[in-house]
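Residue numbers (the numbering used here): 10 to 313.
We treat Cβ as the ideally placed atom computed from N, Cα and C, and that holds for glycine.
So the structure is just underneath, and the comments pick up after that.
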Amino acid sequence: MEGVLDHLMRDLLTQVGGYDLCVTEFIRVVDQVISDRAFYRACPELKNARAYGCNTLSGTPVRVQLLGQHPQYMAENAAKVLELGSSGIDLNFGCPAKTVNRNRGGAVLLKDPESLYQIVKAVQEAVPNDVIVSAKIRLGYEDKSLAIENAQAIESAGANEITVHARTKTEGYKPPAHWHWIAKIKQNISIPVIANGDIFNEESAKTCRKISTCQDIMVGRGALMLPNLAQVIKQTATVMPWYEVQKLLLKYTACETYGDKSKYYPNRIKQWLKYLKLQYKEADVLFQEIRTLKTAEAIEEHLT
Ligand SMILES: Cc1cc2nc3c(=O)[nH]c(=O)nc-3n(C[C@H](O)[C@H](O)[C@H](O)COP(=O)(O)O)c2cc1C
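Now the structure itself:
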């Protein structure tokens, strides 16, 4: 998740456990092959990938996500990031951001199944056969009329998996997620379908699985609200108590960060607290306390 789920967060959450796969924040492909440096920055797990596989520290595979509209550049970048060691390629056709859509990337491509087909096909042809190429879609741009056609285009172009966020771009993040549409899509394609949208606890996971008919699910915001969500869903844990969450917040301060830690860290930790406060009232109190603190040091001091 762009702006919130970086490699530090992937390490923390997969150390807590229960996750089978992580996807990176999207990497924007425009009209060139991205530098090694930029790929390593977005996905530091690639640095050790050739030797140990592209995994978080606790061994969960990490797949790089690309977002773009140009089949050739998407293909060249997919081939490159695989050489660097990514655990497959994920293609983002769901991003609702205006700047991204204006440049014909993300969800706007859901208006045009042929473009989806061309991008997936180019990527699929550029990578070895045993590499997983997955795609992430929404149900459509303004309406759901192309939901099935889009999924079929992605399948016929050779994708191996498809994750469906059960809303259109226009629906944004407004509840409800239309899980029954995932079932409709699943009925019409034969590659694995992963259900996504509004899975925040054990019960919503159960209901989503039932309605979508998908066993495989992806969680986004829920993982930030409740760090052990995957274990809660798998029924191997109860909700993590706040004092354990506090330990994670402290661990996040100790993580190596890229760039200027003093700017990056305060921003990210405040973003995380915005999600945590939906699950823990203590997070809201903490957020209010650190809201005006501008440096990493001041926030670290407050947490310790
Ligand atoms: C702040 C934010 C950033 C996101 N960034 C990405 C992204 O980079 N790639 C992606 O596929 N989805 C991204 N998403 C969408 C989520 O992955 C997910 O599909 C959506 O939030 C619905 O699932 P959820 O209810 O489990 O959060 C983002 C969502 C949010 C709220």
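For Phe35 against Gln81, the beta-carbon gap comes to about 19 Å, at or over 8 Å, which does not count as contact. Residue pairing by DSSP leaves Lys120 without any beta bridge partner.
For Gln244, same chain residues with a beta-carbon under 8 Å away, outside a window of 5 residues either side, are Glu211 in chain order.
The beta carbon of Cys52 sits closer than 6 Å to the beta carbons of Thr33, Val73 from its chain, once the five residues preceding and following it are set aside; these are given in chain order.
As DSSP reads the structure, Leu238 sits in no beta bridge. DSSP, read as helix, strand or coil, puts Phe35 in strand. As a beta-bridge residue in DSSP terms, Asn205 pairs with His174, Met227. Looking at the DSSP output, Ile146 sits in a beta bridge with Phe102, Val173.
In the structure shown, the three-state DSSP call for Asn64 is strand. Per DSSP, reduced to three states, the secondary structure at Val71 is strand.
Shortest Cα-Cα distance from Ala131 to any of Lys120, Gly167, Trp281, Ser96 involves Gly167. Contact check between the segment 110-124 and the segment 155-171: three or more CB pairs, one atom from each, fall below 8 Å, which counts as touching.
For ligand 1, no non-hydrogen atom lies closer than 8 Å to the CB of Cys31.
Taking C-beta atoms under 8 Å as the contact rule, Arg147 and Gly103 qualify, at a distance of about 4 Å. The straight-line gap separating the alpha-carbon atoms of Ile208 and His189 is approximately 14 Å. Residue burial is scored here from C-beta neighbours: Leu76 has at least 16 other C-beta atoms within 10 angstroms and is therefore classed as buried. Nearest neighbour of Ile242 by Cα position, chosen from Ala232, Gln196, Trp251, turns out to be Ala232.
In this structure, Ala186 has its beta carbon less than 8 Å from a heavy atom of ligand 1.
Looking only at Val254, Glu253, Tyr274, the smallest Cα-Cα distance to Thr262 is reached by Tyr274. Here the C-alpha atom of Pro201 lies approximately 17 Å from the C-alpha atom of Asn138. When the alpha-carbon of Leu302 is set against those of Leu285, Lys286, Leu238, Arg277, the nearest one is in Arg277. Your pair Val142 and Asn169 checks out as a contact, with CB atoms roughly 6 Å apart and the cut at 8 Å.
Leu76 is bridged by DSSP to Arg37. Take Gln127, set aside five residues on each side of it, and the residues of its chain with a beta-carbon closer than 6 Å to its own are Pro80, in chain order.
Annotation for Thr108: the continuous alpha helix (DSSP H) segment containing it runs 107-111. Here Pro184 has Asp207 as same chain residues with Cβ atoms under 8 Å from its own Cβ, once five neighbours each way along the sequence are excluded.
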